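Visitor: If you read the sequence shown in UniProt numbering, its first letter stands for residue 1, the second for the next number, and so on.
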Amino acid sequence: MRAVLHDVAERAASFRESRAEAPARPLKSYAELQTAFEAPTPEHGAPIGELILELATLTEAGLANMVGPRFFGWVIGATEPAGMAADWLTSAWAQNVGNAHATPAASACEERVGAWLLDLLDLPRESSVGFVTGATLANFTCLAAARGEVLRRAGWDAEADGLFGAPPVHVVLGEEAHSTVFSGLRYLGLGAKRVVSVPVNEQGLMKPGAFAKAVEKLDGPIIAIAQAGHINSGGFDPFEEIAAAAHEKGAWLHVDGAFGLWARACPDRAHLSRGLQLADSWGVDGHKWLQTPHDSAYAVVRNAEAHRRAMLIAASYLPAGVERHPADFVPELSRRGRAFATWAMIKSLGREGIATMVARHCAQARRMAERLGKEPGIEIMNDVVLNQVAVRLGANLDGAEADALTDRTIARIQNDGVCFVGGANWRGRQIIRVSVISANTTDDDIDRSAEAILSAWRAELHANA
Ligand SMILES: *Cc1c(COP(=O)(O)O)cnc(C)c1O
């Protein structure tokens, strides 16, 4: 085992060292990888050293350079070494962390890291924190707590009696809520379509007057969902007004803050989230801005009892007690100790390092927007307040032509491999979305990437002429 782990460590280190100049896109296609992986079910065991080497060889050509400094696709952190090392140890320790008696170190670490997170993100210190896989599950967990609590206040025990016959729960959210919020609503029996959609402004943010008007009309239990960090604009819903209107009607206010919540850890950007602390629950990722390994996110609920009631696993073989059992705050029972990697990343960066990184990414997003926005025919569609840049190509062309040109430009950028950007459809137009969120991105990477994007655009424009 020792020799295998040494080899793996060597290989991992070489892999990581090669990332700065590796192409940003996978070298092989999905179809090529399907062929590469094609093999009959193994009948006999194989030596670990050999099979690990085979796995690495098969896989590495099909990896996106998500840890590279010029990867701006989706919103993906870089998995920094401190978190990765802690994650390796987490696998070696092999703890099933559901219960405080079984694995006191994991429980104590979660408690401490939870307190650190509330401090860094400046959320109500009495909140409970569940360690989940991603913001999808963080939102789900928080909304489960919300569902139980708003129904309990209406005299209904949803945890015991389910939803059949319960007073209907109204769900109010912005027209551009993240798609995974709707998944959470589906899992919870609240329905993805049975929602009140509040109109948004050109940055994708809820109009406070429209929100207040929508909530005012509703009777009975209400869950409102706002957003910190719009996926295209990076903008923040107006929480002060939203919270006031929501609480006036006794609604539970949840905030999807997958990446944007980290603005609160940065004095330079914290003002964007004014009033966010007035909400009742928050979902936030570790594997985006905090650079932890996948998968890691946090479900934060002000009312810890509502959180625990929604997630409690009542099994006779699990010792109860006054301790905080990690499984009582997440959907899963058996799982890995996710708090260890988060502990390591917070130690590695510190409050100061997190603030500096967030501020730097936001400045780099502005730098990117300036470089691109100067080019004729390119328009920056968002106010670049955070780390997201929404780029529209062919502003002077017909819509369908501009969209097709945008898609071809994205393909060319990806194929060139200097940087990686993705596309999105926003306000009826195809856009390039640039998300600056990798710990390793330098200003020089921004300049090189801006050049690569511009030369791909010029080449496509030329080919189109
Ligand atoms: C990424 C993201 C999610 C989903 O988070 P996962 O970690 O992928 O589960 C939800 N909401 C927003 C705003 C996001 O950016």
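For every residue, glycine included, the Cβ atom is placed at its ideal position computed from N, Cα and C.
Bear in mind the structure is a predicted one, so any value in this text is a computation, not a measurement.
Would you list the one or two residues that DSSP bridges to arginine 392?
Guide: Per DSSP, Glu379.
Visitor: Going along the chain, which residues of its own chain have a beta-carbon closer than 8 Å to the beta-carbon of glutamate 240, five neighbours each way excluded?
Guide: Within the same chain, glutamate 240 has close Cβ partners Arg274, Gly275, Leu278.
Visitor: DSSP three-state call for phenylalanine 329: helix, strand or coil?
Guide: Three-state result, phenylalanine 329: helix.
Visitor: Does DSSP put valine 132 in a helix, in a strand, or in coil?
Guide: Reduced to three states, the DSSP call for valine 132 is strand.
Visitor: For phenylalanine 236, name the three-state secondary structure that DSSP assigns.
Guide: Reduced to three states, the DSSP call for phenylalanine 236 is strand.
Visitor: Compare the C-alpha of alanine 85 against each of Met368, Ala3, Ala9 and name the closest.
Guide: Considering only alpha carbons, the answer is Ala9.
Visitor: Quick one: is aspartate 443 buried, meaning 16 or more other Cβ sit within 10 Å of its Cβ, or exposed?
Guide: Classification of aspartate 443: exposed, given that the 10 Å Cβ count is below 16.
Visitor: Can you name the start and end residues of the beta strand (DSSP E) that aspartate 256 belongs to?
Guide: Here the beta strand (DSSP E) through aspartate 256 covers 252–256.
Visitor: Quick check on the DSSP output: what are the complete alpha helix (DSSP H) runs of length 4 or more inside the segment 18–60, in order along the chain?
Guide: Here the runs fully enclosed are 30–37, 48–60.
Visitor: Would you call the CB atoms of valine 389 and isoleucine 380 closer than 8 Å?
Guide: Cβ atoms of valine 389 and isoleucine 380: closer than 8 Å.
Visitor: Using a Cβ-based criterion (distance less than 7 Å to any ligand heavy atom), does glycine 423 qualify as near ligand 1?
Guide: For ligand 1, not one heavy atom lies less than 7 Å from the Cβ of glycine 423.
Visitor: Report whether the distance from the Cβ of threonine 342 to the nearest heavy atom of ligand 1 is below 7 Å.
Guide: Checking the Cβ of threonine 342 against ligand 1 gives no.
Visitor: For tryptophan 74, which three-state DSSP category applies?
Guide: In this structure, tryptophan 74 counts as coil in the three-state DSSP scheme.
Visitor: For ligand 1, I want to know if histidine 178 counts as a neighbour, meaning its beta carbon is within less than 7 Å of at least one of the ligand's heavy atoms.
Guide: Result yes, Cβ under 7 Å from ligand 1.
Visitor: Is glutamine 277 helix, strand or coil by DSSP?
Guide: Helix, per DSSP.
Visitor: Below 6 Å CB to CB, which residues in the same chain sit around arginine 371 once its five sequence neighbours on both sides are set aside?
Guide: For arginine 371, where only same-chain residues beyond five positions count, the Cβ hits under 6 Å are Ala450.
Visitor: Just the C-alpha distance for phenylalanine 39 and glycine 62, rounded to the nearest angstrom, thanks.
Guide: For clarity, residue 39 is alanine in the given sequence; the question names phenylalanine instead. Alanine 39 and glycine 62: Cα-Cα distance of roughly 17 Å.
Visitor: Are any of the Cβ atoms in chain D nearer than 8 Å to that of cysteine 419?
Guide: Within the model displayed, chain D is absent; a lone protein chain is all it includes.
Visitor: Is it the case that the CB of alanine 258 approaches a heavy atom of ligand 1 more closely than 7 Å?
Guide: Because some heavy atom of ligand 1 lies under 7 Å away, the Cβ of alanine 258 counts as near it: yes.
Visitor: By alpha-carbon positions, which one of Met357, Leu397, Asp383, Ala299 ends up nearest to isoleucine 437?
Guide: Taking only the C-alpha atoms, the option nearest isoleucine 437 is Met357.
Visitor: With H, G and I counted as helix, E and B as strand and the rest as coil, what does DSSP make of asparagine 65?
Guide: The answer is coil: DSSP assigns asparagine 65 none of H, G, I, E or B.
Visitor: Would you be able to state if there are at least three C-beta pairs under 8 Å between the segment 330–349 and the segment 244–263?
Guide: With a cut-off of 8 Å, the segment 330–349 and the segment 244–263 do not count as touching, because too few Cβ pairs lie within range.
Visitor: Excluding five sequence neighbours on each side, which residues of the same chain lie with their C-beta closer than 8 Å to the C-beta of arginine 366?
Guide: Val384, listed in sequence order.
Visitor: Near glutamate 110, which residues of its chain fall below 7 Å by C-beta distance, leaving aside the five closest residues on each side in sequence?
Guide: Counting only Cβ-Cβ distances below 7 Å, and skipping sequence neighbours, we find Phe131, Pro326, Ala339.
Visitor: With a threshold of 7 Å, establish whether the CB of alanine 297 neighbours any heavy atom of ligand 1.
Guide: For ligand 1, at least one heavy atom lies less than 7 Å from the Cβ of alanine 297.
Visitor: If you measure from the CB of valine 75, is any heavy atom of ligand 1 nearer than 7 Å?
Guide: Yes, since a heavy atom of ligand 1 falls inside the 7 Å radius drawn around the Cβ of valine 75.
Visitor: Pull up the CB-CB distance for valine 172 and alanine 224, whole angstroms please, since I reckon it's below 8 Å.
Guide: Sure, about 5 Å apart at Cβ, within 8 Å.
Visitor: Check whether the segment 118–132 touches the segment 194–202, counting contact only when three or more Cβ pairs, one atom from each stretch, lie closer than 8 Å.
Guide: The segment 118–132 is not in contact with the segment 194–202.
Visitor: I'd like to check one pair, alanine 310 with alanine 145: are the Cβ atoms closer than 8 Å?
Guide: Yes; because the gap between Cβ atoms is below 8 Å, this pair is in contact.
Visitor: Answer with buried or exposed for lysine 288, where buried requires no fewer than 16 other C-beta atoms within 10 angstroms of its C-beta.
Guide: Looking at its Cβ environment, which holds 16 or more other Cβ atoms inside 10 Å, lysine 288 is buried.
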